[in-house]
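Heads up: the sequence shown is residues 2 to 345, going by this note's numbering.
Note that the Cβ used here is the ideal one computed from N, Cα and C, for glycine as well.
All values derive from a computational prediction rather than experimental measurement.
First the structure, in the form of structure tokens, and then the observations on it.
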Amino acid sequence: MTFHTKAFVIAIVYFASSYGVAFADNRSSENETAVPFDHHELQGILKSIDNDEFDDDKVAKLLPRLVISCKPESTRSLAIAALLRIHEHEPKDVRPYLPRFAPLLVRAKRIQEVDDICTMLLSVGESPEDVVAVIEEKFANQDEDDFFANGKMAAFLLMASPEDSVIRKWLETQMHHPETNHRVAAMNAISHLGDAGKPSLPVIRQGLTDESPAVRVAAAWATWKIDGNADATVPVLFAALEVEGETFLTRPFFISEWMPDHRIIAVLHLGQMTKRKAEIASKLITLLDDEDEIVQCMTLRSLGKLGECGPEIIEAVREKSKGENDIGSEAKNTLKRLTKENPQ
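Listed below in structure tokens is the structure:
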């Protein structure tokens with residue numbers, strides 16, 4: 002797999018696993034007879050979204066056909082993934098689309114489809130009774146190996162009923178599972194819950210000292226998402242950058258079986274913590290000469306998301322932009338963001 006493809010996969014995997022989705026509130030414009038996108042068109046859309054090539058008008062035109070493309074089994078997974086990715090660029094009000102989720106869940110057969118739909122539901126922050134009923138049935142008949150979808154279903158049910166001690170206990174038990182991927186999946190799932198996740202913070206914080214750096218990164222992210230305590234989480238993420246990368250799954254794969262390592266995910270998480278952006282940016286620029294080119298690429302992407310952090314950051318990115326490789330291209334995109342906020 003080429004570097005560019007790996008970087009593309011990482012971006013899709015990371016954002017789809019960490020964020021919800023929103024649909025434009027424009028159902029009246031939908032044409033239910035529209036032709037679904039085919040497999041290749043959806044792959045192109047995913048890449049274009051990742052490269053930030055769509056503005057609001059283009060997204061609004063895409064949404065009706067993307068929603069229709071969720072119906073056929075052959076295109077459902079990619080269409081749902083595209084909808085999830087749109088969230089990163091311009092969240093909209095998804096509540097008008099809640100009635101669609103229950104029948105979509107009933108049709109969902111693949112692990113990643115259930116996982117992605119539950120991520121959407123968690124982003125909405127509401128739990129319609131018909132959707133709860135479908136997820137309760139799926140959760141009761143879960144396959145132990147479907148730990149991603151199981152964790153997201155448990156998180157959704159806990160959002161619907163925060164006092165459900167049985168579901169909370171199940172999710173907390175998964176945080177101590179002997180398999181790293183199970184522990185990471187449980188941490189990622191509960192990170193969506195906000196206040197509803199606070200009763201589980203003592204268990205989550207135990208993960209900050211887990212033997213696995215991947216679990217430590219996931220626990221740090223969940224802690225920060227739930228209570229916003231950067232003092233407890235940024236040092237953990239910084240420390241994780243200094244140890245050898247541990248590969249792990251962040252969601253069920255349908256594009257590639259290639260897995261990112263925890264350093265890449267830590268870099269992307271740090272790019273979201275804008276309240277500590279000066280400190281974080283100073284740390285990230287030390288990774289611009291990392292041996293791993295993907296770490297360099299994702300570092301540039303996170304620096305762009307952090308925004309204005311001083312002239313030394315801009316100069317470091319400008320130096321990287323002189324290259325003619327994929328890193329140079331990523332640096333040029335980051336430089337556009339930074340110089341827009343820092344007119345020279």
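Asked, Found
"If you draw a straight line from the alpha carbon of D144 to that of N151, how long is it in whole angstroms?", "8 Å"
"In terms of DSSP beta bridges, what is D262 paired with?", "T248"
"Label V218 either buried or exposed according to how many other C-beta atoms from any shown protein chain fall within 10 Å of its C-beta, with 16 as the threshold for buried.", "buried"
"Can you give, in chain order, each stretch of the alpha helix (DSSP H) that sits fully within the segment 83-154 and has at least 4 residues?", "99-108, 112-125, 130-141"
"Within 10 angstroms of its Cβ, does R108 collect 16 or more other Cβ (buried), or is it exposed?", "exposed"
"Does the pairing of the segment 181-196 with the segment 233-245 give three or more beta-carbon distances under 8 Å?", "no"
"Give the secondary structure of C310 by DSSP, where H, G and I count as helix, E and B as strand, and everything else as coil.", "coil"
"Does D116 pass the burial test, meaning 16 or more other C-beta atoms within 10 Å, or should it be called exposed?", "buried"
"To the nearest angstrom, report how far apart R264 and E180 are at their CA atoms.", "19 Å"
"Tell me whether N326 sits in a helix, a strand or coil according to DSSP, three-state version.", "coil"
"Quick check on the burial criterion: 16 or more other C-beta atoms within 10 angstroms. Buried or exposed for P312?", "exposed"
"Under the three-state reduction of DSSP, which class applies to N334: helix, strand or coil?", "helix"
"Given a cut-off of 9 Å on the beta-carbon distance, is the pair I136 and L106 in contact?", "yes"
"Secondary structure at S303, three-state DSSP: helix, strand or coil?", "helix"
"Does any heavy atom of the ligand MN sit closer than 8 Å to the C-beta of A134?", "As presented, the structure is devoid of all ligands, the ligand MN included, so that no description of it is given."
"Would you mind working out which of F38, M176, N230, P163 sits nearest I205, comparing C-alpha positions?", "M176"
"Report the rounded CA-to-CA distance for D228 versus T120, giving the unit in angstroms.", "19 Å"
"What's the C-alpha gap between F148 and I69?", "28 Å"
"For K72, does the three-state DSSP call read helix, strand or coil?", "coil"
"Rank R302, E280, K278 by C-alpha distance to the C-alpha of L289 and give the top, closest one.", "R302"
"Is the CB-CB distance between A267 and A221 below 9 Å?", "yes"
"If you draw a straight line from the alpha carbon of S75 to that of H40, how long is it in whole angstroms?", "7 Å"
"Got a sec? Which residues, its chain only, sit under 8 Å from A223 by beta carbon, not counting five neighbours each side?", "M188, N189, I191, S192, G198, I205, G208"
"Buried or exposed: P1, going by 16 or more other Cβ atoms within 10 Å of its Cβ?", "Residue numbering for the chain in the displayed model covers 2 to 345; residue 1 lies beyond these limits and cannot be assessed."
"Could you tell me whether the Cβ atoms of R346 and F38 are closer together than 9 Å?", "The chain is shown only over 2 to 345; residue 346 falls outside these bounds and no answer can be derived."
"Spatial neighbours of Q44 within its chain, please: CB distance less than 7 Å, with the 5 preceding and 5 following residues excluded, ordered by chain position.", "L79"
"What's the gap between the Cα of L47 and the Cα of R86?", "8 Å"
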